[in-house]
Amino acid sequence: MSPIPSEGTTIYSLTDAERIPCHFRILPILSAEICGETVPLADFYVTTLRERKKIGPFLKKIPLIPADFDHLKRVDRMGRILIQPATAPLSEALLEIMGQFGITENDLLVVKVPARKPATRRQFDWAKNYWSTSFHPAKYIGLQDGEELTSGSYTDRLLGHPVMNMVQNLARCQRREDDYLATGCDVYLRDEPCAMCAMALVHCRAAHVFFCRTTTNGVLAPGKWQLQFEPEINHHYLVFHVKSENEDEGNLTPKYFTDMNRSKFATNLELGVLC
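Residue numbers (the UniProt record's numbering): 1 to 275.
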């Protein structure tokens with residue numbers, strides 16, 4: 001862990017995973033969708049085939065289910081087959097295919113299925129009581145190397161926020177052309193970012209954002225509009241509020257971030273930014 005000398009902003013590049021005791025709390029800022037025990041349900045048409053050997057040929061002919069339901073197994077453990085959402089009318093082409101396999105519209109049943117992919121093990125355990133559902137627990141991203149990615153400094157420029165400087169400097173690094181600037185990286189900030197900076201972290205595909213102090217124009221903390229939960233954006237990172245148990249929130253030192261980067265919680269970091 002070696003700081004890059006600069007005025008104002010200090011950037012740390014993780015070079016080891018040494019674990020040392022640290023006195024701080026990292027509090028995840030989660031949406032209601034993640035904290036809840038259940039997931040929304042949707043009505044779906046299902047059917048069965050007496051001869052299971054016909055299930056494969058039948059699936060090859062019927063249309064795929066909408067992408068929003070890709071988390072659902074097409075065939076459950078009892079051999080029931082998902083056809084399509086019950087909110088949509090059955091097409092003539094689909095009815096014709098069903099007829100080739102001896103299935104009529106009267107043979108269809110409507111069942112409740114999880115409308116979205118479970119985000120937690122608790123939600124998965126609840127959802128599988130309705131329909132077989134895929135679930136992949138979140139995993140941490142391992143270190144690439146000890147490369148120093150970026151540096152920054154204080155500026156009087158209107159758009160010269162530390163996060164914006166970081167993103168501009170990342171663009172100068174040698175990375176694959178098809179790679180987003182901060183894919184899989186963890187970003188550490190002293191202050192909660194504004195809408196401009198938070199959106200920049202969306203565009204560069206940051207994985208996790210840690211901040212210490214809430215701000216009046218920040219857009220990540222609870223109690224106001226939170227950008228990370230906006231469904232219309234095409235990437236969502238996880239957000240954590242870091243609170244020191246030994247220091248005032250406004251007096252965080254570089255050593256505090258050094259300790260945090262080397263903690264047991266953060267042994268897989270790729271990028272750390274102290275603004």
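No residue lacks a Cβ here, since even glycine has one placed at the ideal position from N, Cα and C.
Practice task
Could you tell me if W131 is buried or exposed, where buried requires 16 or more neighbouring beta carbons within 10 angstroms of its beta carbon?
Solution key: Looking at its Cβ environment, which holds 16 or more other Cβ atoms inside 10 Å, W131 is buried.
Handout entry: Limits of the beta strand (DSSP E) - the one that V202 falls within
Key = Premise fails: V202 lies in the alpha helix (DSSP H), 195 to 203, not in any beta strand (DSSP E).
Handout entry: Pick from L49, F69, I55 that is closest to D43, judged by C-alpha positions
Key = That would be F69, whose Cα lies nearest to the Cα of D43.
Problem - Euclidean distance between Cα positions of L220 and Q226 - result: Taking the straight line joining both Cα atoms gives about 5 Å.
Problem - Proximity of A115 and V39 at Cβ, strictly below 9 Å - result: Yes, Cβ-Cβ distance for A115 and V39 is below 9 Å.
Practice task
Could you tell me the distance, in whole angstroms, from the CA atom of S91 to the CA atom of C194?
Solution key: So the alpha carbons of these two residues sit roughly 48 Å apart.
Practice task
With DSSP as the reference, label D186 as helix, strand or coil.
Solution key: Looking at D186 - three-state DSSP - the assignment turns out to be strand.
Exercise for the section: Would you please state the rounded distance, in angstroms, between the beta carbons of R205 and H235? I believe it to be under 8 Å. Expected result: The pair is a contact, with the Cβ atoms about 6 Å apart (cut-off 8 Å).
Practice task
Decide if the stretch 46 to 57 is in contact with the stretch 103 to 115; the criterion is three or more beta carbon pairs, one per stretch, under 8 Å apart.
Solution key: Counting Cβ pairs under 8 Å, three or more are found: they touch.
Handout entry: Residues near T253 by beta carbon distance below 6 Å, same chain, minus five either side
Key = The predicted model places T253 with a pLDDT of 46, which falls under 50 and marks its position as unreliable, so this point remains unresolved.
Problem - Under 9 Å between C-beta atoms of F112 and L41 - result: The identity of residue 112 in the sequence shown is Lys, whereas the question assumes Phe. In this structure, K112 places its C-beta atom within 9 Å of the C-beta atom of L41.
Exercise for the section: Give the range of the alpha helix (DSSP H) segment to which R122 is assigned. Expected result: From DSSP, the alpha helix (DSSP H) with R122 extends over 121 to 127.
Problem - Pairwise C-alpha distance: W126 and V167 - result: Rounded to whole angstroms, the gap between the alpha carbons of V167 and W126 is 41 Å.
Exercise for the section: Provide the residue(s) that pair with A42 in DSSP beta bridges, ordered along the chain. Expected result: DSSP output for A42 lists V113 as bridge partner(s).
Handout entry: Buried versus exposed call for R190 [16 or more other C-beta atoms within 10 Å across all chains shown]
Key = Around the Cβ of R190, a 10 Å sphere holds 16 or more other Cβ atoms; the residue is buried.
Exercise for the section: Taking all protein chains shown into account, decide if V110 is buried (16 or more other Cβ within 10 angstroms of its Cβ) or exposed. Expected result: So V110 ends up on the exposed side.
Problem - Run of the alpha helix (DSSP H) containing F58, from where it starts to where it stops - result: If you look at F58, you'll find it in the alpha helix (DSSP H) that goes 55 to 61.
Practice task
Please work out which residues of its chain come closer than 8 Å, Cβ to Cβ, to G79, disregarding the five sequence neighbours upstream and downstream, and give them in chain order.
Solution key: So the qualifying residues of the chain are T48, L49, R52, I55.
Practice task
Would you mind reading off the limits of the beta strand (DSSP E) that contains Q228?
Solution key: For Q228, there is no enclosing beta strand (DSSP E), as DSSP marks it with neither H nor E.
Exercise for the section: Give the range of the alpha helix (DSSP H) segment to which I34 is assigned. Expected result: I34: member of the alpha helix (DSSP H) spanning 32 to 35, first to last residue.
Problem - Reference L95; option with closest CA among K243, P231, K61 - result: Among K243, P231, K61, the Cα nearest to that of L95 is on K61.
Problem - V167 in three-state terms, based on DSSP - result: In this structure, V167 counts as helix in the three-state DSSP scheme.
Practice task
Could you please give the first and the last residue of the uninterrupted alpha helix (DSSP H) stretch that includes L238?
Solution key: That residue, L238, is in no alpha helix (DSSP H); its beta strand (DSSP E) goes 238 to 244.
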